[in-house]
Amino acid sequence: GKKVVFELVSDVTQKPETARDERLQQKRVIVNQDKSNWEMRFRFWMMHFSVARLSAVYLAAFVGMNVIFAGFFYAINEHCCGDPDMSYGEVFAFSIQTSTTIGYGSFSPSGMIANFLVVILSYASTLMNTLFAGLLFTKFVTPAINIQFSDVMTLCNVNGVPCLSFRLGNADGHSNPLTDINVRLSYSYQIPYSDHKGVEKFFRQTEDLKLLSNRQHGLLEVWTLRHVLDESSPLFGLHFDEHPGNKIYVFTLSVDAVQDLTKSSVNVQTEYAVEDILIGHTFQNQVSFDTETRTAVSDYSKMSDTEPYPVWYPALSGTYGDRDH
């Protein structure tokens with residue numbers, strides 16, 4: 167088989183100048199598809215709103231609806247309540263009282279048109295309130311977690327063996343405890359080939375990378391996970407600057423957990439590029455322990471801090487001829 171020469175090196179690569187999220191951000195457009203109906207698209211659109219934005223939209227819609235209906239009421243000969251001397255402000259107040267079902271009793275509709283508009287306004291306000299309440303309830307009961315990841319991955323020796331490492335942590339800690347954490351790491355690469363016409367093409371393949379430990383009962387501190395680059399690893403003997411290592415275009419990290427507050431399952435994902443692997447670096451210690459107060463302190467500002475550290479890394483092909491590792 168192919169002979170691989172390993173070198174003991176450190177500080178091979180440096181942290182990219184461009185942020186990981188910015189480099190991996192891609193705009194994807196779908197065309198010529200069978201779209202969902204307008205009702206489904208409207209629901210999807212509303213579900214993307216934050217609680218603050220949803221509340222602002224509801225307030226604007228509520229005021230706008232009552233402004234419009236107050237105009238309808240005001241256009242009636244005797245306005246809404248049989249009093250032609252009512253101002254628009256009084257008619258608007260009547261519309262608010264009707265839509266909120268307050269009904270102070272100072273105003274009451276008069277005439278068939280006014281009563282018909284009251285029915286329509288009551289139905290519209292009920293529909294709007296139900297929609298807002300449903301969306302707000304969904305926002306509050308949908309589990310949310312704040313998992314933070316290291317901006318880089320490191321490749322260094324751990325107990326004399328090269329390991330690909332990354333960090334993650336529950337930034338909310340005890341305020342939002344997580345249980346039954348399961349982490350999966352995979353990598354995707356492109357396999358080039360020529361079709362029957364000689365046109366260069368490629369197809370994409372994804373494989374899992376086994377982690378030394380991928381499950382925990384809880385996550386209160388920072389967790390460093392590792393994939394060992396031994397003979398059983400798909401990455402064994404790969405130099406990321408030459409084929410086939412340079413055909414890797416993304417590492418995908420997926421975290422499944424159960425939010426203890428809601429007992430609901432949650433999932434978060436992030437991605438790394440080959441440029442995010444710091445070869446010959448190790449993570450600096452992020453957790454300190456105060457012996458007097460018996461307190462473990464996790465400093466998330468050090469999540470991605472590294473320092474040079476030796477690693478057995480494959481030499482470029484041809485550098486050492488056919489020497490064995």
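Going by the working numbering, the sequence shown opens with residue 167, and the numbers climb by one from there.
Even glycine gets a Cβ: it sits at the ideal position worked out from N, Cα and C.
Comparing alpha-carbon positions, which option in L391, E373, V195 lies nearest L401?
What you label residue 401 is simply residue 235 of the sequence shown in a count that begins at 1. Cα-wise, what sits closest to L401 is E373.
Going by C-alpha distance, which of P309, R350, P343 is nearest G384?
Here residue 384 refers to the residue found at position 218 of the sequence shown. Minimum Cα distance to G384 is reached at P343.
Can you list, in chain order, the residues of its chain whose CB lies under 8 angstroms from that of K181, leaving out five sequence neighbours each side?
Translated into the one-based positions of the sequence shown, residue 181 becomes position 15. The residues are D317, V318, L444, S470, T472.
Who are the Cβ neighbours of T292 in its own chain at under 8 angstroms, not counting the five residues just before and after it?
Taking the first residue of the sequence shown as 1, we reach residue 292 at position 126. Same-chain partners within the cutoff: there are none.
Anyone know if the C-beta pair for F172 and Y479 falls short of 8 angstroms?
Within the sequence shown, residue 172 is the residue found at index 6, counting from 1. Within the sequence shown, residue 479 is the residue found at index 313, counting from 1. Yes.
Quick check on D490: does DSSP put it in helix, strand or coil?
Numbered from 1 along the sequence shown, position 324 holds the residue referred to as residue 490. Summary for D490: the model assigns pLDDT 42, below 50, so the residue's position carries little reliability, and this model does not support an answer.
For K193, which three-state DSSP category applies?
If you number the sequence shown from 1, residue 193 lands on position 27. Coil.
Under 8 angstroms between the Cβ atoms of I311 and N348?
Sequence index remark: in the sequence shown, residue 311 carries index 145 (1-based). Sequence index remark: in the sequence shown, residue 348 carries index 182 (1-based). Not a contact, by the Cβ cut-off of 8 angstroms.
Give the DSSP-derived three-state secondary structure of Y240 in the structure shown.
Taking the first residue of the sequence shown as position 1, residue 240 is located at position 74. Correct three-state label for Y240: helix.
Only counting the same chain, and skipping five residues up and downstream in sequence, which positions put a Cβ closer than 6 angstroms to that of F238?
Stepping through the sequence shown from its first residue, residue 238 is reached at position 72. For F238, where only same-chain residues beyond five positions count, the Cβ hits under 6 angstroms are L283.
Skipping 5 residues on each side, what residues in its chain have a beta carbon closer than 6 angstroms to that of L404?
The sequence position of residue 404 within the sequence shown is 238, counting from 1. Excluding positions up to five away in sequence, the list reads G411.
What are the start and end residues of the alpha helix (DSSP H) that includes G206?
On the sequence shown, position 40 is the one that residue 206 refers to. It should be noted that the sequence gives Met, not Gly, for residue 206. From DSSP, the alpha helix (DSSP H) with M206 extends over 204 to 213.
Starting from G271 and walking both ways along the alpha helix (DSSP H), at which residues does that stretch end?
Here the question's residue 271 lines up with position 105 in the sequence shown. That residue, G271, is in no alpha helix (DSSP H); it is neither H nor E in DSSP.
Determine the extent of the alpha helix (DSSP H) in which Q263 is found, giving its start and end residues.
In the sequence shown, counting from the first residue as 1, residue 263 sits at position 97. 254 to 265 is the span of the alpha helix (DSSP H), which, as asked, contains Q263.
Output needed for P328: all residues of its chain with C-beta closer than 6 angstroms, excluding positions within five of it in sequence on either side, in chain order.
Along the sequence shown, one-based indexing puts residue 328 at 162. Correct list, in chain order: L395, V477, W478.
Which stretch, first to last residue, makes up the alpha helix (DSSP H) that contains A280?
Within the sequence shown, residue 280 is the residue found at index 114, counting from 1. Residues 278 to 307.
Which same chain residues, not among the five before or five after N281, have their C-beta less than 8 angstroms away from its C-beta?
By 1-based counting over the sequence shown, the position of residue 281 is 115. The answer, listed in chain order, is P275.
Mind reading off the beta-carbon distance from L391 to F315? Whole number of angstroms is fine, and I expect it under 8 angstroms.
Looking up residue 391 in the sequence shown gives position 225. Looking up residue 315 in the sequence shown gives position 149. Between F315 and L391 the Cβ distance is about 10 angstroms, and since that is not below 8 angstroms, they are no contact.
Taking the alpha-carbon of D177 as reference, which of H409, F455, L321, S464 has the nearest alpha-carbon?
For the purposes of this step, residue 177 is taken as the residue at position 11 of the sequence shown. The shortest Cα separation from D177 among H409, F455, L321, S464 belongs to L321.
Determine, using beta carbons only, whether F235 and S261 come nearer to each other than 8 angstroms.
One-based indexing of the sequence shown puts residue 235 at position 69. One-based indexing of the sequence shown puts residue 261 at position 95. Yes, the pair counts as a contact, with Cβ atoms nearer than the cut-off.
DSSP three-state label for E373, please.
Numbered from its first residue, the sequence shown carries residue 373 at position 207. Of the three classes helix, strand and coil, the one that applies to E373 here is strand, per DSSP.
Kindly say whether L174, judged by its beta-carbon, lies nearer than 8 angstroms to any beta-carbon of chain C.
You won't find chain C in this structure, because it holds only one protein chain.
Quick check: what's the CA-CA separation for V421 versus N433?
On the sequence shown, position 255 is the one that residue 421 refers to. On the sequence shown, position 267 is the one that residue 433 refers to. One C-alpha to the other measures close to 6 angstroms.
Kindly provide the ranges of any beta strand (DSSP E) runs that are 3 or more residues long and lie completely inside the stretch 305 to 338, ordered along the chain.
DSSP runs (the beta strand (DSSP E)) wholly in the stretch 305 to 338: 313 to 315, 319 to 324, 327 to 336.
Here's the rule I'm using: 16 or more other beta-carbon atoms within 10 Å means buried, otherwise exposed. How should S265 be labelled?
Stepping through the sequence shown from its first residue, residue 265 is reached at position 99. When all chains shown are included, S265 counts as buried.
Take Y353 and list the residues in its own chain whose beta-carbon comes closer than 8 angstroms to its own, dropping the five residues that flank it on each side.
For the purposes of this step, residue 353 is taken as residue 187 along the sequence shown, with counting starting at 1. These residues qualify, in order along the chain: T372, E373, L375, P400, L401, I414, V416, F417, T418.
Put R350 into one of helix, strand or coil per three-state DSSP.
In the sequence shown, counting from the first residue as 1, residue 350 sits at position 184. Of the three classes helix, strand and coil, the one that applies to R350 here is strand, per DSSP.
Judging by CA-CA distance, which residue of V285, T184, D249 is the nearest neighbour of S272?
The sequence position of residue 272 within the sequence shown is 106, counting from 1. It is D249 whose Cα lies nearest to the Cα of S272.
If you reduce the DSSP assignment to three classes, tell me which class F402 lands in.
Taking the sequence shown and counting its residues from 1, the one referred to as residue 402 is at position 236. Note: F402 maps to coil in three-state DSSP.
Going by the beta-carbon positions, is the gap between H393 and L297 smaller than 8 angstroms?
For the purposes of this step, residue 393 is taken as the residue at position 227 of the sequence shown. For the purposes of this step, residue 297 is taken as the residue at position 131 of the sequence shown. Cβ distance not < 8 angstroms, so H393 and L297 don't count as in contact.
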